[in-house]
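Asker:
In this note's numbering, the protein residues as written are 94 to 319.
(1) State whether the segment 283-297 contacts the segment 248-266, with contact taken as three or more CB pairs (one from each stretch) at a distance under 8 Å.
(2) In three-state terms, what does DSSP make of residue 155?
(3) Residues in the same chain with beta-carbon distance under 8 Å from residue 178, minus the five sequence neighbours each way, listed in chain order, please.
(4) Looking at the secondary structure, which residues open and close the beta strand (DSSP E) in which residue 271 lies?
(5) Hey, how far is the Cα of residue 238 from the Cα of residue 154?
(6) Taking just the CA atoms, how far does residue 107 sit from residue 306?
(7) Taking just the CA atoms, how far does residue 235 sit from residue 228?
(8) Alpha helix (DSSP H) containing residue 191: first to last residue?
(9) Buried or exposed for residue 115, going by 16 or more other Cβ atoms inside 10 Å?
(10) Among 311, 142 and 295, which residue has its Cα nearest to the Cα of residue 269?
(11) Quick check: the Cα distance between residue 194 and residue 119, rounded to an integer number of angstroms?
(12) In terms of residues, what are the limits of the beta strand (DSSP E) holding residue 299?
(13) With a threshold of 8 Å, establish whether the CB of residue 167 neighbours any heavy atom of the ligand NAD.
(14) Check whether the Cβ atoms of residue 183 and residue 247 sit closer than 9 Å, and answer yes or no.
(15) State the Cα-Cα distance for the pair residue 167 and residue 142, rounded to the nearest angstrom.
(16) Would residue 310 and residue 292 qualify as a contact pair, given that the criterion is a beta-carbon distance under 9 Å?
(17) CA-CA distance, residue 139 and residue 94?
(18) Pick out whichever of 105, 210, 231 and 221 has its Cα sitting closest to the Cα of residue 185.
(19) Helix, strand or coil for residue 221? Go by DSSP, reduced to three states.
(20) Identify whether residue 162 lies in helix, strand or coil by the three-state DSSP scheme.
(21) Starting from residue 231 and walking both ways along the beta strand (DSSP E), at which residues does that stretch end?
(22) Under 7 Å Cβ to Cβ from residue 121, same chain only, skipping five residues before and after it: list those, please.
(23) Indicate the three-state DSSP secondary structure (helix, strand or coil) for residue 94 in the structure shown.
Structure follows, in structure tokens:
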């Protein structure tokens with residue numbers, strides 16, 4: 094499903110983002126990418142949706158070599174990869190329904206199909222009764238669930254969650270991770286980028302640890318020990 098082959102990323106003047114990353118993630122896996130700040134976790138994640146490009150090496154997703162993906166093909170790639178960020182990135186003047194629908198509208202999806210998809214994904218994240226609320230009327234956990242619903246509208250093969258619990262308390266963090274695990278059970282490959290030791294150890298799935306831009310540990314049903 095996801096393959097990194099000898100991937101390195103350098104930033105000017107001589108800053109190492111990632112160095113010689115070799116990684117294979119199978120379809121349907123739940124993988125936690127962990128490490129201290131500045132170890133390359135987010136850089137790795139950004140390469141998967143072409144926000145960053147490797148300096149060397151190749152990246153494949155589902156057999157598609159995206160290493161030098163053309164700009165016109167990036168939207169196609171991003172419809173196959175759902176992304177959730179720490180800061181939600183919701184449109185404050187749009188309702189829950191409108192925030193989720195907007196991701197479909199910009200992709201040219203027909204209104205009738207939007208009316209089918211949006212209630213379905215809001216039901217998955219248990220926000221179907223809050224569709225008329227605005228982001229300011231929601232808790233942090235609820236806002237993150239809206240962001241997750243938005244990431245699911247194109248039925249992505251891969252969901253990347255980059256520090257999705259960074260702005261949440263312990264209870265809301267657990268609810269978000271439980272939701273990510275439920276999405277994974279539907280067959281979606283999930284990559285959780287985090288530095289939260291408690292969450293990773295609670296999941297008890299594969300853990301890849303980065304340090305200094307390199308993979309120092311890759312353990313099935315692992316624990317985050319840093």
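Note that CB positions come from ideal geometry on N, CA and C, so glycine has one too.
Answerer: The structure says:
(1) yes
(2) coil
(3) 240, 255, 256 and 257
(4) That residue, residue 271, is in no beta strand (DSSP E); its alpha helix (DSSP H) goes 263-278.
(5) 26 Å
(6) 13 Å
(7) 9 Å
(8) 189-198
(9) exposed
(10) 295
(11) 30 Å
(12) 299-304
(13) You won't find the ligand NAD in this model; it holds no ligand whatsoever.
(14) no
(15) 8 Å
(16) no
(17) 16 Å
(18) 231
(19) helix
(20) coil
(21) That residue, residue 231, is in no beta strand (DSSP E); it is neither H nor E in DSSP.
(22) 280 and 282
(23) coil
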